[in-house]
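Take a look at the structure below.
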Amino acid sequence: MRLRAKFIAVFFGVGSLVSVLGAMNLLAETGIYRKFEIICRDRAPTLVVLGQIKAAALALSGKVYSYGLLSSELQPDASNNNVKAIQHIGQEFLEERENIEASLAELKTLAYASKRERLVIEIEEKLGKIAIIGREAIALKSRGAKEREMLGQLRALEEVKGNLVAVLDEAIALELKSIEIENHEIQRSLARYIATNLVSVTGVVLLASSLGYILAQQIAKPIIELQKAAARIGEREWDRKVKIETGDEIEDLARAFNKMVDQLKSTTISKSYSDKIIRSLNDALIVLAPDATIQDFNLATSLMLDYQEEELLGQSIKVLIKHQNVLDYLNLDDSQESSFLGTKETALLTKNGREIPVSFSASVMRDGRGKVHGLVCLAQDISDRKQAMEALRKQALMFKTIYDGIIVTDLEGHIIDWNPASERIFGYAKKEVLGKTPEMLYRPDRAAYITSQIIEGVRRNGQWVGEIRFLRKDGTKGVCETVTVMLRDEKGFPSGTIGVNRDITDRKLAEEALYAAHAELEKRVDERTAELLGTNDILIEEIRDRVAAEKALRRSETQFRRLAQEEVLLNQLANQIRNSLDLNTILETAVHQIRSLLHIDRCLFIWYREQGERHIQEVVSEAKGITLTSLLGRYIVSRKNLLAPLLLGQDIIRIDDLNYASISPQEISPQEISEKETMRELHRRWGYTAILALPIRTGEAEIGVVSCGHCSGARPWSDEEVGMIRAIADQVAIAISQASLYAQAQIAAREAQERAEQLKQTLSQLQHTQAQLLHSEKMSSIGQLVAGVAHEINNPVSFIYGNLPHAKVYMEDLLTLVQLYRECYPEPESEIQAEIEACELDFLIKDLPKVLSSIEMGADRIRSIVLALRNFSRLQEADRKPADLHEGLDNTLLILKHRLNSSSDSDSQQSDAGVAIKTIKEYGALPKVECYPGQLNQVFMNIIGNAIDVLSGNEELVMGNGELVMGNRASGNRASGAQSKSQKSKVKSQNSKLKTQKSKVKSQKSKLSPMPNSPFPTIRISTEMVGDGMVAIRIADNGPGIDEEVRKQIFDPFFTTKAVGSGTGLGLSISYQIVVEKHCGSLRCVSAPGQGAEFIIELPVRLPSRQLGQTGKRAIAS
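My numbering numbers the first residue of the sequence shown as 45 and each following residue consecutively.
Encoded structure:
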């Protein structure tokens, strides 16, 4: 029921009942009606129009913000897509401007009627400023203005927008207040008229009051509810709704109010909701422009395709889709009515070219007027589904093509599947057996038994394996090997069985035929055996006669062959004695030839010596069977062994069988020795069962013995064999005499050579010591100079560093004062404003703290450099102490930074290409190392400085490969590595504790550590533990490498590859002495073709108790 109808009904009701007070009531109703008409005609439309203007102003400023924020992504001169996007935003800005002007015109009409022209003028002025600022921002953006200018416009827009929102909120509040005031006036009028009528007619007044009260409730309550809802909306409670069902104009006002709230809510939070939905999708979502370029995509797209955001935005969708025909249905125009374009299967390409199968669907994005804004594409990864389909396809193909017959049954035993191989084996088509049991294939008398056996085996063991005789469809019989297993569903419950049947009928027939043939063959063999037994006796007698004749011939042939071999052996030994003075070679040849000639198990050459009361025997040459244990070595002869004295007395020992031992009677009487005990010792220690030993007198205090032994039974020694051994012994005696003379001559020559070598080493050490003294004096002077310079620099730096905290406090006070001035005087004078813009005050406020921070950083840098210089000024520090090697390396790099960085001062050394040398530090966990820190810093400075020279082109080296391990050098032309035998023995005893540790890292010494693949000059420094108590420092570069000839001399004193005047050649030589002699470590250089060079320093964590760096002593660098 409309509000006007309600008023008319009340008017006619009250007029008919109150005829006496008709004029008065008519007057009251007319006043109330007029006031409600003002509310409906003026107040409510004005409130709606003000809300529309506020929403439109917010949208207009939002477009300008969007346009300004695109400065980091869209440039007007970049591409057609960017220009279209900018033009599109500009067009939307003009459309919002037109909407505001329409709402403003409506407000002017309402304001003219309600005499609120001033409010309209103020709103129109604010909207005009927003439009002007928006157009200026668009113009600035079109001209490619800077971000600072754009930010200034956006701040001005924010200020004007805030003022406009404040004016609109105030106007809405005034309208709501006016409605409330008029409502109170209506209530007061009704109370006055009711009181007047109450005096006249109590009953009529009561009726009129009831009707008036009901009418007031129907009007005032909705208005109050609207007022409360408007207040809640002002507090941004977008879910607040007004529910009024009066059927009149107030209900219309409530619907308009709810619609306005929905528009504000959608304008404010719809963008946030859509962003959250897009990012929460698990499938890839891609937003395309109408020209199929990528405008946006979610996180799932980036994870699926391995692309970053900046790599895809603005690219065409064609770079992602493999099948380009999928793009045909993405071409759009505004004439298409359907929003969903369909779904197709295709493949997306990842960044590395890998294909991902997807289900690709697309939908059209349209605005409220139906204009196409772009596409939304959804790509669902179907790789798992494709793999599952492919697995099912392969499984079905295998089921059809497998050679064995497969029968699948349900739990009741009915056949539910049957492959083509089963049709071939059993002769039944699939449709003939479906629904039947496999018993139709078995022999009727065995069907029930076979079925029960299969069921029992499957239930007990999970499978049944056996052979089954079956009947084919044509009635023929066959045999098959059957394996039946239980099938289970996803929950693990039995769902049926599957049987695999292999037709072995042909194999069974072949086996039966083979059995029959075998029986026939055995019968024939028995018959032939009886015939051959008679003939065999005759043949045996003939063979015996032939064997006897062959043995006689063989004995004669063996005798002549042995004589020839003896002559060859004697000639061979004589030739070796004439051609060679190597006694070991002669003895080895003799024992091997004797063993081969006599066919014995072992032949030895033994030296017998007397040392006081003991007899020593040393086996120096041996020829034996491969299964026997070697007897080489020294042995102490037991006093109970009486064979040694016999040999020392030049007596021959000849025993054919040690179990029944008897020494030759012509040499020793049995009463002079205890034969049994001596023979038992020979058998226990050497395993002999027969022995022949011939002594050789050499003229020295030792006796040589040729010992022939047999270990597999008795061995008779013939007189001819003894004579041959005597002849060989004479030749060996001649060889021993010549070798003794040769050894004496070698000893004399070696002693003369050692004396000459010692003189040469002494001269080289004197030269090296003199050069090192000069270098030490030079380094001492440099250290004093560096210490003085560091002290002088430290004073002004301390002054700067000490004043920086005060400068920061003063700066913060000044910036706080400026901020207070801004807050208290937001609109300064024009001259002050001009000066603020001229000096860019906002930029200064942001940049001034950064300037002070950079000054503080520079002061820290100078202090660290001064500290490093002071550390290096103590190069001659004599005390050894635990030190942090990483600190020394960092100080060295800090001092050499001006040579590493190509962007330093022009006086600094730079590479030819003008590129800085990259430094890579790979430090391991190292303990503090006991060392001389100043001397190690000098080593680091020399090696890293040489690497910088190579990478900067200041030193010319030829690429090479190989490895150089520095330590003890025996060569005479390397003074830094020479030392006498006596010095070596002393150093060896001191370094015994380090040998085990160094041997653990021996396998690592011939390998060049891989350098990173970098086109720029690079120096890598790495540290690590390389065994118990050892640390390693590796300094590598990616230079051209070192030539083999240069690498061999790189640690020699005075050797340098630099130009004359550029180097002394003592840097690496002194570094070698510091590492090897002072610290008992090793210094090596490894180089490979095209892989640069690497210097490896290995040091013990704890130095030996006795310092090894004394004059004239050197440690061996393994």
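C-beta: ideal position from N, C-alpha, C; glycine also.
These figures come from a predicted structure and were not determined experimentally.
Arg-639 sits buried, since 16 or more C-beta atoms from the chains shown fall within 10 Å of its C-beta.
Leu-641 and Thr-673 have their alpha carbons spaced roughly 21 angstroms apart. Nearest to Gly-457 by alpha-carbon distance, out of Val-529, Leu-515 and Lys-925, is Val-529. The DSSP-derived three-state label of Pro-739 is strand. Counted as a single uninterrupted DSSP element, the alpha helix (DSSP H) harbouring Asp-934 occupies residues 929-939. According to the DSSP assignment, Lys-962 belongs to the beta strand (DSSP E) that extends over 962-966.
Distance from the Cα of Leu-163 is smallest, within the candidate group Ile-177, Leu-195 and Val-209, for Val-209.
In this structure Ala-423 touches Leu-392 by the C-beta definition: roughly 6 angstroms separates them, less than 8 angstroms. Secondary structure of Ile-1086 (DSSP, three-state): coil. Taking 8 angstroms as the upper bound for CB-CB distance, Ile-988 and Ala-1076 are not in contact here, some 16 angstroms apart.
Collapsing the DSSP output to three states places Leu-675 in coil. Residue range 1137-1144 is occupied by the beta strand (DSSP E) that includes Glu-1138. Assignment of beta-bridge partners to Met-530 by DSSP yields Thr-541. One thing to note: Tyr-652 has its Cβ within 8 angstroms of the Cβ of Leu-691. Note that the region 322-332 touches the region 415-434; at least 3 beta-carbon pairs, one per stretch, sit closer than 8 angstroms. The three-state reading of DSSP puts Phe-1099 in coil, since its state is none of H, G, I, E or B. DSSP, reduced to helix, strand and coil, places Phe-843 within a helical segment of the structure shown. Pairing Leu-171 with Ala-101 gives a Cβ-Cβ distance under 8 angstroms. Between the C-alpha atoms of Ile-644 and Ala-737 there is a straight-line separation of about 13 angstroms. Ile-899 sits in a helix when the DSSP states are folded into three classes. If you draw a straight line from the Cα of Ser-403 to the Cα of Asn-396, it comes to about 21 angstroms. Our two residues, Val-862 and Glu-168, have alpha carbons roughly 34 angstroms apart in a direct line. Just so you know, the alpha carbons of Glu-662 and Ile-778 end up roughly 20 angstroms apart.
Taken through DSSP and simplified to helix, strand or coil, Arg-698 comes out as strand. Residue pairing of Phe-514 in beta bridges, as defined by DSSP: Tyr-486 and Gly-522.
With fewer than 16 other Cβ atoms from the protein chains shown falling within 10 Å of its own Cβ, Ser-254 counts as exposed.
For Ser-346, the uninterrupted alpha helix (DSSP H) run begins and ends at 343-349, by DSSP. Out of Cys-883, Ala-927 and Arg-1064, the CA that lies nearest to the CA of Leu-944 is found in Arg-1064. A distance below 8 angstroms separates the beta carbons of Leu-896 and Ala-851. Boundaries of the alpha helix (DSSP H) harbouring Leu-356: 353-356, taken from the DSSP string.
Distance check between Arg-546 and each of Val-509, Arg-799, Gly-519 and Ala-771 places Val-509 closest, using alpha-carbon atoms only.
Here the alpha carbons of Leu-859 and Val-853 stand approximately 10 angstroms from one another.
The residue among Ala-734, His-930, Gln-307 and Val-994 with its C-alpha nearest the C-alpha of Lys-965 is His-930. Nearest neighbour of Ala-634 by Cα position, chosen from Arg-532, Arg-658, Ile-361 and Arg-770, turns out to be Arg-770.
Around the C-beta of Met-304, 16 or more other C-beta atoms lie within 10 Å, and the residue is accordingly described as buried. Going by DSSP, Gly-753 is part of the beta strand (DSSP E) stretching over 746-754.
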